[in-house]
Structures are given as structure tokens and as C-alpha cells.
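Participant: Submitted below is the structure of interest, expressed as C-alpha cells.
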Ligand SMILES: [Zn+2]
Ligand SMILES: [Zn+2]
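Numbering (UniProt numbering), first residue to last: 1 to 426.
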């Protein structure tokens with residue numbers, strides 16, 4: 001486990017140290033980056049030929065559903081971390097909509113203990129309200145004490161603004177971010193996909209962009225009024241992105257993330273009535289997609305996270321009855337290279353910043369840099385190699401991959417977490 005590993009001749013891109021592609025060797029020893037230099041001697045280290053590949057800090061995915069405890073037929077902590085490792089993700093933040101919900105110190109500890117030796121580092125977003133019921137706040141101080149890194153009610157957003165304001169202030173005092181899934185449940189009720197041309201064509205009820213926009217507006221208003229931070233999850237609409245940009249210019253402490261499916265796909269992808277591409281918020285219009293790309297480019301959205309949400313094939317069989325969510329940890333880097341770096345929206349450096357260094361800083365995690373002395377969490381990938389996404393070949397228990405069948409550019413070759421190789425395709 002703790003042997004020496006030497007990655008030779010890779011192009012190092014490390015936004016944590018502003019290294020933009022120097023050809024360096026990376027020596028990993030005792031779970032740490034021991035050296036980052038040209039032509040390091042091999043000594044007794046195992047050598048990995050990194051030529052032609054990029055070495056970067058392991059990805060940090062701040063929006064993941066591990067389904068454990070309670071829904072382990074979909075995924076569990078260990079299988080979810082296998083999918084993470086195969087995608088180059090070495091740190092992830094898991095959401096609390098489990099059974100029981102992660103709303104007690106015991107459940108926080110369960111997740112942290114079960115993930116102690118997993119193939120990725122697991123950080124916990126604990127619930128804001130008890131049982132995610134939106135009615136009474138959790139003991140946020142006790143949850144933080146037990147190891148919660150953030151707070152969220154994710155898919156069941158806190159409708160009571162007074163309660164949300166109190167949660168944001170208590171979280172701010174604890175130095176833990178609140179990550180908010182923005183959805184006005186009255187506006188979205190009954191909707192299966194974006195309300196628009198495609199939903200009308202398919203004759204299915206829609207979720208208007210307004211459902212997300214109204215909730216984003218409230219979170220910004222609370223953050224501004226109370227002078228506390230808020231992080232907006234999985235932004236999918238042009239209006240939400242514009243509101244976040246405008247608020248940031250006023251100095252509001254609002255940050256935002258989006259997911260690969262929102263910058264890569266639109267509602268048109270649902271014309272084949274495939275429930276694997278149904279998620280919340282839903283895939284939107286081309287105008288929204290372009291606005292999300294622009295918000296990533298100008299830094300309004302500083303983070304890319306996946307909202308990796310496993311469901312069984314049985315659950316996803318019926319387009320209209322299926323639960324929301326798609327898996328994405330194994331395809332996020334490639335989707336970013338294909339859809340953002342390829343067309344020149346982001347450089348590879350900026351992509352890695354949004355997928356590693358920025359979320360690590362936002363959550364205050366020891367990740368996002370290959371600085372000597374830092375934990376040895378690293379991804380080695382070939383950014384020029386293409387592959388076709390076969391859901392059966394992916395890791396984890398579920399197959400509801402949003403990019404299935406697509407040919408993407410950028411293949412993970414090696415993932416190192418805590419100094420140990422957790423994924424290898426060399
Ligand atoms: Zn959500
Ligand atoms: Zn989610």
C-alpha cells in the first residue's frame with residue numbers, strides 16, 4: 001500500500017500551484033507527494049510511464065449520492081468509491097438523502113467509518129432539517145462535530161425561508177458551506193423534464209425554469225441580507241447563472257456549480273424517452289446550455305460536480321415513473337475535455353481548476369494540489385484518447401449513465417488516493 005511510486009514524464013497541470021503543463025516526475029511516498037521535479041532518480045520506486053499523459057490533482061466531486069445507508073441495491077459507499085476512482089475522483093461530498101437520512105452524528109460517523117478504506121475520500125453533506133422534512137433544523141453543531149463538511153437538504157429544498165436563513169447563519173458560524181438545490185416545489189410539482197418544446201411534443205408535464213430561478217433568487221437574497229455564504233448546486237438555467245453573476249459583482253458570497261450534463265446536453269436528448277437522462281433539475285434548452293458554458297468560462301460557476309445519482313435499471317425502465325438522477329463520476333472528466341476544452345471554452349488547466357482545486361478550497365479539503373507534502377491524491381489521464389461509454393463496463397452498481405453510447409475524449413489511466421493506486425488502466 002505505502003510503497004514508493006514514481007510517475008515519469010507526465011505533463012503536470014496543477015492549478016493549486018499554477019503549474020500549467022510542465023514535464024515533471026511525481027514521486028509518491030508514504031501517502032504524500034514527496035517530490036515534483038524533472039528527472040527524479042528511480043531508486044526503489046515502482047515506475048509508471050506518464051509520457052503522453054497529464055498528471056493532475058485528483059478530482060474533487062462535491063455532489064455525489066452514495067445511497068448508503070438504506071438504498072444499497074442502487075449503490076453503496078464502497079462501490080460508489082470504485083466508480084469515483086475509475087473517474088479520477090479522489091475526494092467526494094456525499095448527499096444526505098439516504099435512509100435514515102444523514103441527520104444524526106451516528107449516521108455521519110457510519111459514513112465516515114465505512115469509507116475509511118474506500119477507494120476515494122468521502123466527505124459528508126449532512127442534512128439541514130431532521131429527516132429532510134423541512135420542518136426542524138438538525139443539531140448542526142453536533143453534526144459538524146461528528147465530521148460533517150457541509151449542509152444540504154439537496155433534492156428536498158428547505159421551503160421555509162426563516163428556517164433556511166437560520167441554517168445559513170449557523171453553518172457560517174461553523175465555517176461549513178450550505179449547498180442548496182434550488183427548486184420551488186410548487187412550480188416543479190409533477191414535472192418530469194424541462195417545460196418547453198420537447199415536453200409538449202412528448203406530452204409529459206414539465207418543470208419550468210422558473211422553479212429553479214425563483215429558488216436561486218431566494219438563496220441569493222438570504223445570503224445578501226444576512227451577509228453569509230451560499231453555494232448553489234447544479235445550476236441548469238441561463239437566468240440562475242445570470243443572477244449568480246450579478247450577485248457576485250455586488251459582493252454577495254454566492255458560489256455556484258454545474259454538472260457535465262448541463263453543459264453537454266439539452267432537453268432534445270429526451271426525445272427517445274430514455275429515463276436515464278431524466279434528472280433534477282432537468283436538461284434544459286440550447287440557450288441555457290450556452291449560458292452555462294459562458295458562466296463556466298467567466299468563472300461565475302467555479303465548480304463542476306456530477307450529481308452522480310445511481311438508480312437500478314428496473315427503476316429507470318419506465319420513462320414517466322422513473323426517479324430522477326444519472327450517474328456521472330466516470331464520465332465527468334472526459335465530458336469536460338470533450339465539451340469544454342475541445343471547443344475552446346475552457347483550457348485543460350481551467351477545467352481541472354473547476355473539477356479539483358476550486359471545490360477543494362470551497363470545502364476546505366486537503367486536496368486540489370500536487371504540492372510536495374500534500375496528500376498523494378492524483379489522476380493520470382490521456383487527454384487525446386477517445387473511448388465510447390458502455391454502461392455495462394462502468395463501475396458501481398447502476399447503469400443509468402447520462403453519456404452512454406457517446407464517444408468522449410480523455411481517458412483516465414491511473415488514480416492514486418492516499419498514496420495507493422486505486423484504479424489502473426495502463
Ligand atoms: Zn439536487
Ligand atoms: Zn443531488
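Built from N, CA and C at the ideal position, the CB exists for glycine as well.
Please read all numbers here as calculations on a predicted model, not as lab measurements.
Assess, as a yes-or-no matter, whether the segment 368-379 is touched by the segment 55-67 under the definition of 3 or more beta carbon pairs within less than 8 Å.
Facilitator: Yes: the two stretches touch, three or more of their Cβ pairs being nearer than 8 Å.
Participant: Can you tell me where the beta strand (DSSP E) holding residue 424 begins and where it ends?
Facilitator: Where residue 424 is concerned, the enclosing beta strand (DSSP E) stretches over 420-424.
Participant: When every heavy atom of ligand 1 is checked, does at least one fall within less than 7 Å of the C-beta of residue 104?
Facilitator: No, Cβ of residue 104 sits at least 7 Å from all heavy atoms of ligand 1.
Participant: Mind checking whether the beta-carbon of residue 153 lies closer than 7 Å to any heavy atom of ligand 2?
Facilitator: No, Cβ of residue 153 sits at least 7 Å from all heavy atoms of ligand 2.
Participant: Between the segment 97-112 and the segment 415-426, do at least 3 Cβ pairs fall closer than 8 Å?
Facilitator: Cβ pair count under 8 Å is below three, so no.
Participant: How would you write the range of the beta strand (DSSP E) that residue 382 sits in, first residue to last?
Facilitator: Its beta strand (DSSP E) spans residues 378-388.
Participant: So who's on the other strand from residue 94, going by DSSP bridges?
Facilitator: Answer by DSSP bridge pairing, in chain order: 64, 124.
Participant: Is the segment 287-298 touching the segment 38-50 in the sense that three or more CB pairs, one from each, lie closer than 8 Å?
Facilitator: No, the segment 38-50 does not touch the segment 287-298.
Participant: Go through its chain and collect everything with a Cβ distance to residue 123's Cβ below 6 Å, but skip five positions before and after it.
Facilitator: These residues qualify, in order along the chain: 93, 149.
Participant: Quick test of the definition: if touching needs 3 or more C-beta pairs under 8 Å, does the segment 188-199 touch the segment 217-231?
Facilitator: Segments in contact, no.
Participant: Taking only runs of the beta strand (DSSP E) that begin and end inside the segment 18-86, which ones reach a length of at least 3 residues, in chain order?
Facilitator: Qualifying beta strand (DSSP E) stretches, in chain order: 19-29, 32-37, 46-49, 54-57, 59-64.
Participant: Any chance the CB of residue 234 is under 7 Å from a heavy atom of ligand 1?
Facilitator: Residue 234: yes, Cβ under 7 Å from ligand 1.
Participant: When we look at the beta-carbon of residue 407 and count the other beta-carbons within 10 Å, is it buried (16 or more) or exposed?
Facilitator: Flag for residue 407 reads exposed.
Participant: Should residue 185 be labelled buried (16 or more other beta-carbon atoms within 10 Å of its own) or exposed?
Facilitator: When all chains shown are included, residue 185 counts as exposed.
Participant: When the Cα of residue 249 is compared with those of 424, 118, 268, 224, which residue comes out closest?
Facilitator: That would be 224, whose Cα lies nearest to the Cα of residue 249.
Participant: Is the separation between the beta-carbon of residue 372 and that of residue 36 shorter than 8 Å?
Facilitator: It is a contact, given that the beta carbons lie within the stated cut-off.
Participant: Is it true that the segment 355-367 meets the segment 20-31, where meeting means three or more beta-carbon pairs spaced less than 8 Å apart?
Facilitator: No, because fewer than three Cβ pairs between the segment 355-367 and the segment 20-31 fall closer than 8 Å, the two stretches do not touch.
Participant: Any heavy atom of ligand 2 closer than 7 Å to the Cβ of residue 231?
Facilitator: No, Cβ of residue 231 sits at least 7 Å from all heavy atoms of ligand 2.
Participant: What residues in its chain sit with their C-beta under 8 Å from that of residue 387, if we drop five residues either side in the sequence?
Facilitator: Closer than 8 Å at Cβ, skipping near neighbours: 334, 407, 408, 411.
Participant: Apart from the five residues just before and just after residue 69, which ones in its own chain have a Cβ nearer than 6 Å to its Cβ?
Facilitator: Here the set comprises 98.
Participant: Short check: CB of residue 130 to CB of residue 103, under 8 Å?
Facilitator: Yes; because the gap between Cβ atoms is below 8 Å, this pair is in contact.
Participant: Measure the C-alpha to C-alpha separation of residue 215 and residue 310 and round it to an integer number of angstroms.
Facilitator: Roughly 25 Å between the two C-alpha positions.
Participant: Roughly how far, in whole angstroms, is the beta-carbon of residue 233 from the beta-carbon of residue 179, given that I think they are within contact range, below 8 Å?
Facilitator: The pair is a contact, with the Cβ atoms about 5 Å apart (cut-off 8 Å).
Participant: Taking only the alpha-carbon atoms, compute the straight-line gap between residue 227 and residue 172 and give it to the nearest angstrom.
Facilitator: Going by the C-alpha atoms only, they are around 10 Å apart.
Participant: Determine the contact status of residue 12 and residue 426, defining contact as a CB-CB distance below 8 Å.
Facilitator: Going by C-beta atoms, residue 12 is not nearer than 8 Å to residue 426.
Participant: Rounded to the nearest angstrom, what separates residue 355 and residue 84 at their Cα positions?
Facilitator: In a straight line, the C-alpha of residue 355 is about 13 Å away from that of residue 84.
Participant: Of the residues 125, 273, 326, which one's Cα is nearest the Cα of residue 74?
Facilitator: Out of 125, 273, 326, 326 has the C-alpha closest to the C-alpha of residue 74.
Participant: Look up residue 254 in the DSSP assignment and give the residues it is bridged to.
Facilitator: According to DSSP, which records beta bridges pairwise, residue 254 is partnered with 230.
Participant: Once the 5 residues before and after residue 424 are set aside, which same chain residues still bring their CB inside 7 Å of it?
Facilitator: These residues qualify, in order along the chain: 414.
Participant: Kindly indicate the opening and closing residues of the alpha helix (DSSP H) around residue 112.
Facilitator: Taken as a continuous stretch (DSSP letters only), the alpha helix (DSSP H) holding residue 112 covers 105-114.
Participant: Does any heavy atom of ligand 1 sit closer than 7 Å to the C-beta of residue 61?
Facilitator: No - ligand 1 has no heavy atom lying nearer than 7 Å to the Cβ of residue 61.
Participant: Find the nearest neighbour of residue 177 within the set 164, 324, 262, 352, judged by alpha-carbon distance.
Facilitator: The shortest C-alpha separation from residue 177 is found at 164.
Participant: Report buried or exposed for residue 133, applying the criterion of at least 16 other Cβ atoms within 10 angstroms of its Cβ.
Facilitator: Label assigned to residue 133: exposed.
Participant: Please classify residue 3 as buried or exposed, where buried requires at least 16 other C-beta atoms within 10 Å of its C-beta.
Facilitator: Exposed: under 16 other Cβ atoms inside 10 Å.
Participant: According to DSSP, is residue 397 helix, strand or coil?
Facilitator: The answer is coil: DSSP assigns residue 397 none of H, G, I, E or B.
Participant: Distance, Cα to Cα, residue 231 vs residue 300?
Facilitator: If you take the alpha carbons of residue 231 and residue 300, they lie about 12 Å apart.
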